[in-house]
Every structure is written in structure tokens, then in C-alpha cells.
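Chemist:
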Amino acid sequence: MVLPNILITGTPGVGKTTLGKELASRSGLKYINVGDVAREGALYSGFDEEYDCPILDEEKVVDELENHMTEGGVIVDYHGCDFFPERWFHAVFVLRTDNSILYKRLETRGYNEKKLRDNIECEIFQVLYEEAMLSYREDIVHQLPSNTPEELEENISQILGWIEQWVKDHNP
Ligand code: ADP
Ligand code: MG
């Protein structure tokens with residue numbers, strides 16, 4: 093049976109991990125958190141002093157994930173999307189959260205003033221949405237609101253429905 097690969101992206105704090113894990117457990121698809129994969133394999137190319145975080149070695153990350161993606165049935169979670177091969181994904185979901193709600197979530201995480209400001213700006217300027225629209229065929233990119241538990245439930249059922257349809261269409 094062929095299964096689709098799904099990318100869940102968006103600014104840090106919008107709810108990618110919450111949605112991705114829940115979707116994986118309900119659909120049986122595999123969940124991959126790119127940040128975790130990079131950490132576990134130390135797939136870094138340097139350190140960003142300004143942002144106080146390691147820089148992802150994108151090539152190594154792509155190599156690391158290639159086999160999973162070829163096999164199919166993977167939900168990928170990452171706050172970036174322009175370095176993945178376009179052919180990997182059958183659908184890209186960009187989660188969106190209102191500023192005041194996102195601010196509170198990131199404050200709870202203990203982000204400092206600069207990191208808070210940068211991430212809120214990232215959301216205001218819809219950086220991840222633009223990146224997704226430039227990196228993938230526009231008709232596979234979908235924005236989803238991610239402010240409330242009700243919206244989370246709606247997103248889960250919408251994506252589960254999409255998966256079910258995709259599986260039907262691709263497994264005659
Ligand atoms: P990300 O992986 O995008 O950084 P998380 O999944 O870690 O975001 O979610 C950040 C915080 O927001 C968590 O505390 C999570 O419980 C909460 N959250 C995520 N999605 C929603 C939602 N739709 N409604 C309310 N809270 C949410
Ligand atoms: Mg996360």
C-alpha cells in the first residue's frame with residue numbers, strides 16, 4: 093500500500109508537534125520531528141551566535157530522512173521547509189496562530205525578549221507560509237488556524253479525511 097508524506101510547518105509555538113503526534117497516533121503514519129533528528133545525530137554545520145542556537149546541516153538532514161520519505165507514510169514536523177526536496181511531500185500544512193496567543197505560548201516556554209520578538213515577527217510576516225508557497229506547488233499548500241483546542245480537533249479530522257482520500261485514490 094502506498095501512503096502519503098505530509099509536512100507540518102509554521103512558526104515555533106503554533107502547534108506543529110501537538111498536531112503531528114496526534115495525527116500519527118490516529119492515522120498510523122510515522123511521526124518525524126526534524127529538530128529531534130538533528131539533535132540526535134548532531135546534524136549541525138555551525139552555531140548561530142546571534143540566535144544562540146545550532147545551525148542545521150540541511151544536506152545531512154535530507155540524507156538522514158531520504159529512506160523514510162521514499163518508503164512513504166511520514167508526517168514531518170519542522171519550522172522550515174525550503175531545503176526538503178519538493179518531491180517528498182503530497183501535502184503541506186502551514187499552521188497559523190494569532191499574535192497574542194502565540195506570544196503567551198512562547199512566553200510560557202521562557203523565550204527571551206529577542207527570541208519572542210523574532211518569532212512573533214515571523215508569524216506576522218507569514219514567513220513560513222511564503223516559504224512553503226515558494227518551495228511547493230501552491231495547490232498542495234494549506235493554511236490551518238491553530239488557536240484553540242476546537243481548531244486542533246478540526247485540523248485533525250480534516251487531515252485524517254485528506255489521508256483517507258489520498259490512500260483510496262492511490263491504491264486501486
Ligand atoms: P510547535 O511544535 O509548533 O512549536 P507545540 O505543538 O509545541 O508547537 O505547541 C505549543 C503550545 O501550544 C503547547 O503548549 C500546546 O499544548 C499548545 N497548543 C498547540 N496547538 C494548540 C491549539 N490548537 N489550541 C490551543 N493550544 C495549542
Ligand atoms: Mg515542536
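Adding 92 to a residue's 1-based position in the sequence shown gives its number in my numbering.
Note that beta-carbon positions come from the ideal geometry of N, C-alpha and C, so glycine has one too.
Computed from a prediction, not measured in an experiment: that's the story for all the values here.
Could you pull the start and end residues of the beta strand (DSSP E) that D169 belongs to?
Modeler: Start at 1 with the first residue of the sequence shown, and residue 169 comes out as number 77. V166 to D169 is the extent of the beta strand (DSSP E) around D169.
Chemist: Using a threshold of 6 Å, is the CB atom of T162 nearer than that to any non-hydrogen atom of the ligand ADP?
Modeler: For the purposes of this step, residue 162 is taken as residue 70 along the sequence shown, with counting starting at 1. T162: no, Cβ never under 6 Å from the ligand ADP.
Chemist: For the beta strand (DSSP E) containing G138, list its first residue and its last residue.
Modeler: The count along the sequence shown starts at 1 and reaches residue 138 at position 46. Where G138 is concerned, the enclosing beta strand (DSSP E) stretches over Y136 to D140.
Chemist: Go through the stretch 187 to 222 residue by residue and report every complete run of the alpha helix (DSSP H) that reaches 4 residues or more, in order.
Modeler: With a minimum length of 4 residues, the continuous alpha helix (DSSP H) runs that stay inside the stretch 187 to 222 are 191 to 200 and 205 to 216.
Chemist: With a cut-off of 8 Å, do at least 3 Cβ pairs link the stretch 95 to 102 to the stretch 156 to 168?
Modeler: With the cut-off at 8 Å, the stretch 95 to 102 and the stretch 156 to 168 touch.
Chemist: Taking the continuous beta strand (DSSP E) assigned at L148, which residues delimit it?
Modeler: What you label residue 148 is simply residue 56 of the sequence shown in a count that begins at 1. From DSSP, the beta strand (DSSP E) with L148 extends over C145 to L148.
Chemist: Output the distance between the C-alpha atoms of S249 and S137, rounded to the nearest integer angstrom.
Modeler: One-based indexing of the sequence shown puts residue 249 at position 157. One-based indexing of the sequence shown puts residue 137 at position 45. Their backbone Cα atoms lie some 38 Å apart in a straight line.
Chemist: Could you please give the first and the last residue of the uninterrupted alpha helix (DSSP H) stretch that includes T110?
Modeler: Here residue 110 refers to the residue found at position 18 of the sequence shown. Looking at the DSSP string, the run of the alpha helix (DSSP H) that includes T110 is K108 to S119.
Chemist: Near N263, what residues of its chain come up, given a Cβ to Cβ distance below 8 Å and the 5 sequence neighbours on each side ignored?
Modeler: Translated into the one-based positions of the sequence shown, residue 263 becomes position 171. The answer, listed in chain order, is M93 and V94.
Chemist: Can we count T189 as close to the ligand MG, meaning its CB is less than 6 Å from some heavy atom?
Modeler: If you number the sequence shown from 1, residue 189 lands on position 97. T189 Cβ: outside cutoff for every heavy atom of the ligand MG.
Chemist: How far does the beta strand (DSSP E) with P237 in it extend, from its first residue to its last?
Modeler: Stepping through the sequence shown from its first residue, residue 237 is reached at position 145. V233 to P237 is the span of the beta strand (DSSP E), which, as asked, contains P237.
Chemist: If I measure Cβ to Cβ from P104 and keep anything under 6 Å in the same chain, skipping five residues before and after, which residues do I get?
Modeler: If you number the sequence shown from 1, residue 104 lands on position 12. If we look at P104 and ignore the five residues flanking it on each side, its Cβ neighbours are H171 and N211.
Chemist: Are there any heavy atoms of the ligand ADP lying less than 6 Å away from the beta-carbon of P104, as far as the coordinates show?
Modeler: The residue given as residue 104 occupies position 12 in the sequence shown. Checking every heavy atom of the ligand ADP against the Cβ of P104, one is found closer than 6 Å.
Chemist: Cα separation between D140 and Y195?
Modeler: Numbered from 1 along the sequence shown, position 48 holds the residue referred to as residue 140. Numbered from 1 along the sequence shown, position 103 holds the residue referred to as residue 195. So the alpha carbons of these two residues sit roughly 23 Å apart.
Chemist: List the whole-angstrom C-beta distance separating I255 from S119, where the pair is believed to meet the contact cut-off of C-beta under 8 Å.
Modeler: Residue mapping note: residue 255 aligns to position 163 of the sequence shown, counting from 1. Residue mapping note: residue 119 aligns to position 27 of the sequence shown, counting from 1. 5 Å between Cβ atoms; contact.
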